[in-house]
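Numbered by full-length UniProt numbering, the letters in the sequence shown go through residues 1 to 452 in order. From the three backbone atoms N, C-alpha and C, an ideal C-beta is built for every residue, glycine too. Computed from a prediction, not measured in an experiment: that's the story for all the values here. See structure below.
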Amino acid sequence: MSNLRRDPLIGGQSGRLSDTQCGMLVSVFMVGFMCACPLFAALGKYCQPKLLIVIGLSVWCGCCFLSGWTTSYTTLLLVRAMVGVGEASFIGYGITVIDNVAPPSCRTIFIGIFYATIPVGTAAGMIAGGVVCSQSSVFGHAPWRSLFIGEAVAFLLFFVLLCTVPGETFRVALAPQQGEEEEEEAYIPVVQATCFLIRDKNYVFTVLGNAAQCFVVGSVSVWAISLLVQGPLHFSDAAASTTVGCVTSIGGLVGSVAGGVAVDLLGGSKGRKGIAKCIRFCLAMIAISIPLGWVAIFATNPGIFTVAFFVSVVAIFAITAPLNVAVLTMVPAVLRPYAVGYTVFVIHLCGDFPSPTMTGALSDQYSDGCTLRDTIEKCAEGEQCFWVNSGKGNCVHEQQLQKSLGIVFAVLLLAVPCWLFVLYRLGLQPEEGAAPVEVPAEEEEGDKTKTS
């Protein structure tokens with residue numbers, strides 16, 4: 001981010017992007033991503049899921065490549081939004097396929113492994129970004145441009161492998177328990193499916209709690225490196241990227257898998273009791289993550305930061321698999337693509353779409369005028385002002401990101417009442433199998449199913 005913000009073509013007249021503008025580059029990706037997820041779920045009626053995924057990921061790859069060649073901030077915003085659209089094609093179908101093919105006794109572990117790849121990939125990008133951006137140029141290009149171009153080229157191998165997967169593997173996402181002849185009848189139109197999910201209070205409040213978690217994760221993933229560089233610890237770009245990248249990859253991997261293993265060892269995630277186990281586990285992880293997150297944010301010792309941040313990351317990523325399994329369990333199988341699509345829409349709309357920009361705006365507010373000092377000499381005159389990146393960087397306040405991230409991390413507390421409400425409702429519901437739940441369908445079909 002620090003390398004991109006100093007690009008004269010992207011910075012425009014000011015020659016430098018503000019924290020708010022940097023955060024918007026992440027948020028606009030989420031706009032495309034969250035808006036496209038329900039759309040791809042609805043298009044499953046008319047197109048084979050594999051075709052949708054192939055088209056979407058082609059858009060993703062092409063726009064990543066174009067990101068490295070943009071010549072203005074506006075154009076970069078546009079292509080980043082389209083990258084989000086392309087990525088959305090995979091999410092709704094990928095997770096439902098994994099849930100359907102996983103053995104019942106290991107379903108949470110399988111989903112945990114799937115979600116573990118997210119922090120690992122993110123961390124790999126952080127480390128690569130720190131190393132590459134420490135160079136003055138890469139093959140004649142600005143380092144941040146080379147990263148986007150290299151990302152698109154590297155993805156081509158995975159794209160070819162995806163094309164070799166049989167299309168039937170993806171079709172089970174729409175109706176896992178139905179035969180091919182019944183798949184047409186099992187499809188639920190988007191309006192009826194949406195109304196059903198909106199009326200399901202357990203689903204709604206589970207997802208709202210997930211949005212609070214996503215709000216914090218999105219903000220920290222964008223600004224943690226800058227916190228180490230600009231804050232009291234004064235890390236170099238490479239050291240900050242490596243530290244955050246390693247902690248995020250290892251902590252995220254351990255947490256995502258451990259969350260799935262723990263729930264399965266506690267008896268599994270099937271049925272009403274399984275959903276309750278998942279929710280209780282998530283509440284316990286929040287009780288660990290929040291205080292240790294604050295310790296890491298305000299740490300003035302590298303060792304304390306690393307340990308506290310690692311344990312907080314493990315705890316917050318341990319929530320991922322149980323929470324997503326709870327969502328898949330509490331809705332009928334035929335509605336799972338919609339449930340995943342709308343979950344993605346809500347958690348990004350209320351979560352990591354606004355949080356990077358809001359954190360950047362809070363950081364600008366807490367800069368105490370330091371960011372307006374455009375020379376090392378002027379920066380040195382300000383109280384707690386610090387010049388970043390030697391003579392070619394910018395002036396910041398040492399505590400501006402500490403204060404803004406501290407406020408953002410408190411948002412995770414909002415998940416607690418949401419999930420406690422779900423637990424309360426689960427306690428009022430009858431035992432599994434006692435009452436059928438009608439799935440919305442066209443009148444002539446009259447399809448019904450039962451929630452687990």
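- From the listed residues A262, P232 and L4, the smallest Cα separation to N301 is found for P232.
- Looking from the CA of F159, the closest CA among V26, V59 and W419 belongs to V59.
- Taking the CA atoms as reference points, L426 sits about 37 Å from A224.
- According to the DSSP secondary-structure assignment, V217 is paired through a beta bridge with no residue.
- A Cβ-Cβ separation of about 6 Å places A308 in contact with A299 under the 8 Å criterion.
- Rounded to the nearest whole angstrom, the CA to CA distance from C395 to L227 is 14 Å.
- Here DSSP, grouped into helix, strand and coil, assigns N389 to coil.
- Straight-line spacing of the CA atoms in A211 and S67 works out to 28 Å.
- With fewer than 16 other Cβ atoms inside 10 Å of its own Cβ, Q365 counts as exposed.
- In the assembly as shown, A154 is an exposed residue. Its beta-carbon has fewer than 16 other beta-carbons within 10 Å.
- Annotation for V247: the continuous alpha helix (DSSP H) segment containing it runs D237 to L265.
- Under the 8 Å Cβ criterion, the region 354 to 370 counts as touching the region 408 to 419, having at least three qualifying pairs.
- By the C-beta criterion, the region 79 to 94 is judged not to be in contact with the region 369 to 379, since fewer than 3 inter-stretch pairs fall below 8 Å.
- The three-state secondary structure of C195, taken from DSSP, is helix.
- Selection L156, G129, F90 and L43 evaluated against F65 yields L156 as nearest (Cα-Cα).
- Less than 8 Å divides the Cβ of I347 from the Cβ of V207.
- Taken atom to atom, the span from the alpha-carbon of T71 to that of G406 is near 35 Å.
- Residue pairing for N210: DSSP places it in no beta bridge.
- For C61, the enclosing alpha helix (DSSP H) covers residues P49 to S67.
- Under the three-state reduction of DSSP output, V331 falls in the coil class, being neither helix nor strand.
- In this structure, L362 lies near S404, with their beta-carbon atoms less than 8 Å apart.
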